[in-house]
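Chemist: Using the UniProt record's numbering, read the sequence shown as starting at 1 and increasing by one per residue. Think of the CB as a built atom: it goes at the ideal place given N, C-alpha and C, for glycine as much as any other residue. Note that the structure is a prediction, hence the values are computed from the model and not measured.
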Amino acid sequence: KIKILTLYAFSRENWKRPKLEIIALMELFFFALKNETKNLKKYNIRLKII
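1) Can alanine 9 and phenylalanine 29 be called in contact, C-beta distance under 9 Å?
2) Out of Thr37, Thr6, Ile22, Asn39, point me to the one whose CA is closest to arginine 12's CA.
3) Looking at leucine 25 and asparagine 35, is the spacing between their C-beta atoms short of 9 Å?
4) So alanine 9 is in the alpha helix (DSSP H); what residue range does that whole segment cover?
5) Helix, strand or coil for asparagine 44, going by three-state DSSP, please let me know.
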């Protein structure tokens, strides 16, 4: 059983990308996250975004 998992999804270097590309990546991330909400709840997974 995994108790804690840390992921780095967007590095400092990625913030240097063109603004439109950053927006598209963030929209994709939140779209995927929204679609996984049911599974997160089902398996009692807590997600903390900092």
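Modeler: With the given structure in hand:
1) yes
2) Ile22
3) At the C-beta level, asparagine 35 and leucine 25 stay beyond 9 Å of one another.
4) Here alanine 9 belongs to no alpha helix (DSSP H), and DSSP marks it neither H nor E.
5) coil
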